[in-house]
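Note sheet for the following structure.
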Amino acid sequence: MSAPLREDNPLLTVRDLTVRFDTEDGIVNAVSDLSYDLFAGETLAIMGESGSGKSVSAQALMGLVPMPPGRIEKGSISFVGQELVGLEENDWTNLRGEEIAMIFQDPLTSLNPVFPVGWQIGETFRLHRTIGRREAMRKAAELMDRVGIPNAGKRARQFPHQFSGGMRQRLMIAMALALEPKILIADEPTTALDVTVQAQIMDLLADLQRDTGMALILITHDLGVVASVADRVLVMYAGRAVETGRAGDFYARPGHPYAQGLMGSVPRLLSDTDRLLPIPGHPPSVVQLPTGCSFHPRCALADDHCRTSRPDLTVYGDGSRQVACFKAETPAALRNQP
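In this text, residue positions in the sequence shown follow numbering that gives the first Met the number 0: the first is 0, and each later residue adds one.
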């Protein structure tokens, strides 16, 4: 991957991250050679279809890849200069929540049904701040109020099943923000929520970013959500990054055929076309990936070169983006180089 697009030091640097899983069907190539930087205060959206490696890459950032059957085969994850690959579990315990926190996909399964929600949020303070239960419950209620849960003092004593889906998502955000982490990873934070609640959740995250300066990694397949909040995007396909760059540039003119397909399958109110243009075919098996470019079986532009050689991320457009495609355009200055 070419040099970062910004000159200030990133909070997080991921280089050539490769994650594999050993299964009865073979080796699952979950993430391959993934590289990106994350800067303080920005929102990086990681997009792609289900199975593209988005969630596994986030689990690797949190030290949550189950080993075995999973393993980080190679690569580096550096948080403000500290290497996270190979970190001991005791060190991870101090890092999770304190520096890097995560909102998981399904808030109902992530919350313990037999404990009050305030107790569960307060547990973070008890473990990391060694305070008493009463003080932890008070802080939990303050967090619940901060994320927009009404009558927080009373509701902190209620159980997860007594909250709606949107409120449970707010509880997960409160839990993740308890220790004011520098990085928040939100894995499909608006899945199964109605449009109004989606907007409320994303506005809440944006407000918290402005208040605390934290960086946000937003993992999603919802291009509408990404358009409203992201500073930069990273598109994944079959475990690899196929396009990365500024969000505005991406939406104005996506470079990779897969990214173009994603944009073409989104309905638009003012569109002249009567039908959406879905991407043909299905995502490949991550146990047996196609040769060459993994997208070539679904790509109308693919030729023999695409079928036999795998493209690397290459500078695209005005130089602010990188695209892994032999058919993508390159700046005239680069095309004219010998």
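The C-beta atom is built at its ideal place from N, Cα and C for all residues, glycine as well.
These numbers were taken from a predicted model, which means no experiment stands behind them.
For residue j and residue i, the rounded distance between their alpha carbons
i: Cys324; j: Thr12; result: 23 Å
i: Pro277; j: Leu261; result: 8 Å
i: Gly216; j: Tyr35; result: As written in the sequence, residue 216 is Ile, which differs from the Gly given in the question. Rounded to the nearest angstrom, the two C-alpha atoms are 11 Å apart.
i: Asn93; j: Leu178; result: 11 Å
i: Pro112; j: Met166; result: 15 Å
i: Val79; j: Pro9; result: 7 Å
i: Ala226; j: Gly131; result: 43 Å
i: Ala135; j: Asn89; result: 23 Å
i: Val116; j: Glu141; result: 13 Å
i: Gly164; j: Tyr315; result: 41 Å
i: Leu86; j: Ala251; result: 40 Å
i: Lys138; j: Pro283; result: 47 Å
In DSSP terms, what residue i is bridged to
i: Gly25; result: Thr22
i: Thr12; result: Asp36, Ser77
i: Gln321; result: Thr243, Val314
i: Arg95; result: Ile99
i: Ala44; result: Leu217, Val232
Beta-carbon proximity list for residue i, same chain, < 8 Å, skipping 5 on both sides
i: Asp230; result: Glu41, Thr42, Leu43, Arg245, Ala246
i: Cys292; result: Cys298, Ala301, Cys305, Arg306, Ser308, Arg309, Pro310, Ala323, Cys324, Phe325
Buried versus exposed call for residue i [16 or more other C-beta atoms within 10 Å across all chains shown]
i: Met201; result: buried
i: Val322; result: buried
i: Lys53; result: buried
i: Pro253; result: buried
i: Ala258; result: buried
i: Pro279; result: exposed
i: Gln168; result: buried
i: Met66; result: exposed
i: Phe114; result: exposed
i: Arg133; result: exposed
i: Val241; result: buried
i: Thr290; result: exposed
i: Ser49; result: exposed
7 Å CB neighbourhood of residue i in its chain, flanking five on each side removed
i: Val27; result: Arg19, Phe20, Val285, Val286
i: Asp32; result: Asp15, Thr17, Arg239
i: Ser319; result: Leu4, Gly244, Arg245, Asp248
Whole-angstrom C-beta distance between residue j and residue i, which should lie under 8 Å
i: Ile182; j: Ile99; result: 5 Å
i: Ala214; j: Ala39; result: 6 Å
Cβ-based neighbour list, residue i, same chain, cut-off 6 Å, excluding 5 preceding and 5 following
i: Asp317; result: none
i: Leu233; result: Tyr35, Ile45, Ala240, Thr243
Beta carbon proximity, residue i to chain D, threshold 7 Å
i: Gln321; result: Note that chain D does not occur in the displayed structure, where there is just one protein chain.
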